[in-house]
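Chains as they are written, first to last, in the numbering used here: chain L, 8 to 196; chain S, 8 to 196.
Backbone N, C-alpha and C fix where the C-beta goes; we use that ideal spot for every residue, glycine too.
What follows is a set of notes on a single structure, which appears directly below.
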DNA sequence: GTTGTCTATGGACAAATGTCCTTTTTTCTG
DNA sequence: CAGAAAAAAGGACATTTGTCCATAGACAAC
């Protein structure tokens with residue numbers, strides 16, 4: 008459920024170390040802080056050094072949809088890399104977060120110059136695509152208890168780390184339905 | 008609902024014309040033919056020259072999920088570009104389909120040599136990501152009639168082109184529910 | 001024409017999920 | 001510590017959606 012990208016993490020750590028070309032800057036956010044805001048322009052691409060964030064947006068009918076939880080090595084802001092469109096989601100720090108930040112222009116230049124980064128970036132996009140596809144289909148074709156089971160098996164401490172409302176938004180269900188499902192799981196007579 | 012990619016289409020047409028470097032081969036499939044099959048290895052990347060395909064897979068509980076309908080200029084097979092994993096979905100011709108085909112190795116070389124293609128490819132991946140995110144959230148947070156309305160407004164001749172069962176699978180609902188929703192739309196007293 | 005297969009349509013009922021509210025528990029703040 | 005605010009839990013009911021049929025039309029094969 009919380010996405011990671013070790014390969015990208017290691018490589019960014021390597022090329023951003025002191026003494027190397029300094030395209031990246033470091034920045035930190037406290038829990039609850041908004042790193043990107045839906046509807047506002049994006050000027051940089053970010054890679055997570057530590058901590059984790061939730062990425063979500065609101066729909067016209069008042070709902071909230073959680074795109075993803077991102078942890079170490081995950082990248083965001085890339086959707087707006089190639090044009091001037093505003094961010095389509097809000098990225099909010101959950102735990103204390105440290106980030107690598109790089110301007111869109113610099114990142115584009117790096118993609119041209121650094122073949123390995125280029126490859127890693129493409130790989131990252133493909134992995135995101137694949138993950139989204141499997142999540143989307145799973146959510147559509149399974150019942151709430153099944154979805155919960157899957158989540159629990161992938162992240163047993165789920166409910167201690169992430170608020171119930173967020174879990175519900177992630178699964179695209181109501182809080183009521185989530186509670187019912189949790190009760191059903193443990194409450195076998 | 009049927010995805011297109013004019014920019015990529017134009018560029019591939021340009022670099023694959025007779026006389027240019029011949030990395031691409033042409034191939035055609037009749038309606039109903041399987042271009043890729045879930046679980047089987049993928050050796051090439053494909054770009055659609057004409058016609059359209061459906062891209063779907065089966066879940067362990069017997070359901071079918073339609074990833075996408077692809078038309079002119081859309082690319083597929085790219086998910087398996089960087090590793091040896093088997094195709095995670097089946098790509099089936101709906102109308103007669105003509106394709107550009109290029110081996111994974113050649114495509115990777117081209118991505119290194121041809122900066123413009125590299126950029127276009129990244130753009131294609133980003134566009135797919137964005138589209139998937141919006142589709143996923145819309146499907147999760149809206150009722151069946153709302154989803155149908157949206158589809159109808161984007162593609163009025165929908166039901167004449169695509170079988171009802173496919174539409175239902177695309178929306179992640181049952182055929183019964185689809186019929187009910189259609190009836191509800193037109194059958195206002 | 002007859003049979004068989006596929007698609008479309010919809011009735012009747014069951015099950016899943018959402019809506020609306022109330023109560024309890026936890027966390028935060030002064 | 002008191003009080004307010006947020007998160008968790010769940011009752012009762014309405015609505016939506018799925019399941020399981022049954023029927024009817026279109027088309028192909030023989």
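Listing by chain order, which chain S residues have their CB less than 7 Å from the CB of residue 13/L? By 1-based counting over the first chain, the position of residue 13/L is 6. Under the 7 Å cutoff, chain S gives no residues; its nearest Cβ is about 15 Å from residue 13/L.
Less than 8 Å between the C-beta atoms of residue 34/L and residue 106/L, yes or no? Indexing the first chain from 1 puts residue 34/L at position 27. Indexing the first chain from 1 puts residue 106/L at position 99. Contact: yes.
Check whether the segment 157-176 of chain S and the segment 55-72 of chain S touch, using three or more Cβ-Cβ pairs below 8 Å as the test. yes
Any beta carbon of chain S sitting closer than 8 Å to that of residue 119/L? Locating residue 119/L in the first chain gives position 112, counting from the first residue. True, the Cβ-Cβ gap to chain S drops below 8 Å.
Chain S contact for residue 140/L (CB, 8 Å cutoff): By one-based count along the first chain, residue 140/L stands at place 133. Closer than 8 Å: yes.
C-beta contact flag for residue 78/S and residue 9/S at 8 Å: Against the second chain, residue 78/S aligns to sequence position 71. Against the second chain, residue 9/S aligns to sequence position 2. It is a contact, given that the beta carbons lie within the stated cut-off.
Please say whether residue 51/S and residue 110/S have beta carbons closer to each other than 8 Å? Here the question's residue 110/S lines up with position 103 in the second chain. Here the question's residue 51/S lines up with position 44 in the second chain. Their beta carbons are under 8 Å apart, which means residue 110/S touches residue 51/S by this criterion.
Per-residue DSSP class, three states only, for residue 48/S: Stepping through the second chain from its first residue, residue 48/S is reached at position 41. If DSSP states are grouped into helix, strand and coil, residue 48/S belongs with coil.
Residues from the segment 34-51 of chain S in contact with chain L, defined by Cβ distance under 8 Å: none
Residues in the same chain with beta-carbon distance under 8 Å from residue 162/S, minus the five sequence neighbours each way, listed in chain order, please. Position 155 of the second chain, counted from the first residue, corresponds to residue 162/S. Around residue 162/S: 8, 9, 168.
By Cβ distance, which residues of its chain are closer than 8 Å to residue 21/L, with the 5 residues on each side in sequence left out? Counting from 1 along the first chain, the entry for residue 21/L is found at position 14. Hits under 8 Å: 27.
Per DSSP, which one or two residues make a beta bridge with residue 10/L? As a position in the first chain, residue 10/L is number 3, starting the count at 1. Note: residue 10/L sits in a beta bridge opposite 77/L.
Residues near residue 7/L in its chain [Cβ-Cβ closer than 7 Å; skip 5 each side]: Since the first residue of chain L shown is 8 and the last is 196, residue 7/L is not available in this structure.
Please give the ranges of any beta strand (DSSP E) in the segment 143-196 of chain S, keeping only runs that are unbroken, at least 3 residues long and fully inside the region. none
Using the Cα positions of residue 146/S and residue 152/S, report the straight-line distance between them to the nearest angstrom. The residue given as residue 146/S occupies position 139 in the second chain. The residue given as residue 152/S occupies position 145 in the second chain. Going from the Cα of residue 146/S to the Cα of residue 152/S covers about 11 Å.
Once you ignore the five residues that flank residue 181/S on each side, which residues in its own chain have a CB closer than 8 Å to its CB? Working through the second chain from its first residue, we reach residue 181/S at position 174. Cβ within range, chain order: 175.
On the CB-based measure, 16 or more other CB atoms within 10 Å of its CB, does residue 41/L come out buried or exposed? Translated into the one-based positions of the first chain, residue 41/L becomes position 34. Exposed, since its Cβ has fewer than 16 Cβ neighbours within 10 Å.
Which residues of chain L have a Cβ atom closer than 8 Å to the Cβ of residue 137/S, listed in chain order? Locating residue 137/S in the second chain gives position 130, where the first residue counts as 1. Within 8 Å Cβ-Cβ: 86, 95.
Counting C-beta neighbours from all protein chains within 10 Å, is the total for residue 123/L 16 or more, i.e. buried, or is it exposed? Against the first chain, residue 123/L aligns to sequence position 116. Residue 123/L should be labelled exposed.
Cβ shell of residue 13/S (< 8 Å), same chain only, five flanking positions each side left out: Here residue 13/S corresponds to residue number 6 of the second chain, with the count starting at 1. Closer than 8 Å at Cβ, skipping near neighbours: 79, 80.
Expressed to the nearest angstrom, what Euclidean distance is found between the alpha-carbon atoms of residue 115/S and residue 135/S? By one-based count along the second chain, residue 115/S stands at place 108. By one-based count along the second chain, residue 135/S stands at place 128. So the two alpha carbons sit approximately 19 Å from each other.
Give the range of the beta strand (DSSP E) segment to which residue 36/S is assigned. Here the question's residue 36/S lines up with position 29 in the second chain. Run containing residue 36/S: 32-36, per the beta strand (DSSP E) assignment.
Test item: CB-CB of residue 85/L and residue 64/L under 8 Å: As a working note, residue 85/L is residue 78 in the first chain. As a working note, residue 64/L is residue 57 in the first chain. The answer is no: Cβ separation not under 8 Å.
Taking only three categories from DSSP, how would you classify residue 83/S? Start at 1 with the first residue of the second chain, and residue 83/S comes out as number 76. Reduced to three states, the DSSP call for residue 83/S is strand.
Contact with chain S by residue 130/L, beta-carbon distance below 8 Å: Along the first chain, read from residue 1 onward, the residue named residue 130/L stands at position 123. For residue 130/L, the answer is yes, since a Cβ of chain S falls inside 8 Å of its Cβ.
C-beta atoms of residue 100/L and residue 37/L nearer than 8 Å: Position 93 of the first chain, counting from 1, holds the residue named residue 100/L. Position 30 of the first chain, counting from 1, holds the residue named residue 37/L. Yes, Cβ-Cβ distance for residue 100/L and residue 37/L is below 8 Å.
In three-state terms, what does DSSP make of residue 94/S? Translated into the one-based positions of the second chain, residue 94/S becomes position 87. Correct three-state label for residue 94/S: coil.
In this structure, does DSSP put residue 16/L in helix, strand or coil? As a first step, residue 16/L must be located in the first chain, where it is residue number 9. DSSP places residue 16/L in helix when its eight states are reduced to three.
Closer than 8 Å at the beta carbon, the chain S residues around residue 133/L: In the first chain, residue 133/L corresponds to position 126, counting from 1. Residues of chain S passing the Cβ test: 85, 86, 88, 89, 132.
Reduced DSSP category for residue 6/S - H, G, I as helix; E, B as strand; rest coil: Residue 6/S is absent from the structure shown; chain S starts at 8 and stops at 196.
CA-CA distance, residue 17/L and residue 55/L? Within the first chain, the letter at position 10 stands for residue 17/L. Within the first chain, the letter at position 48 stands for residue 55/L. Each residue's Cα considered, the two are about 11 Å apart.
Should residue 88/L and residue 131/L be called a contact, given that it needs their Cβ atoms to be closer than 8 Å? As a position in the first chain, residue 88/L is number 81, starting the count at 1. As a position in the first chain, residue 131/L is number 124, starting the count at 1. No, they are not a contact pair.
When you compare only the Cα positions, how much space is there between residue 24/L and residue 108/L? Residue 24/L sits at position 17 when you count from the first residue of the first chain. Residue 108/L sits at position 101 when you count from the first residue of the first chain. Rounded to the nearest angstrom, the two C-alpha atoms are 13 Å apart.
Along chain L, which residues have their Cβ under 7 Å away from the Cβ of residue 144/S? Position 137 of the second chain, counted from the start, is the residue given in the question as residue 144/S. Those are 66, 72, listed as they occur along chain L.
Compile a chain-ordered list of the residues in the segment 145-167 of chain S whose CB is closer than 9 Å to at least one CB of chain L. 145, 146, 147, 148, 149, 153
I'd like the list of long-range same chain contacts for residue 185/L, defined as Cβ closer than 8 Å, with 5 residues on each side in sequence excluded. Locating residue 185/L in the first chain gives position 178, where the first residue counts as 1. The residues are 151, 155, 171, 174, 175, 178.
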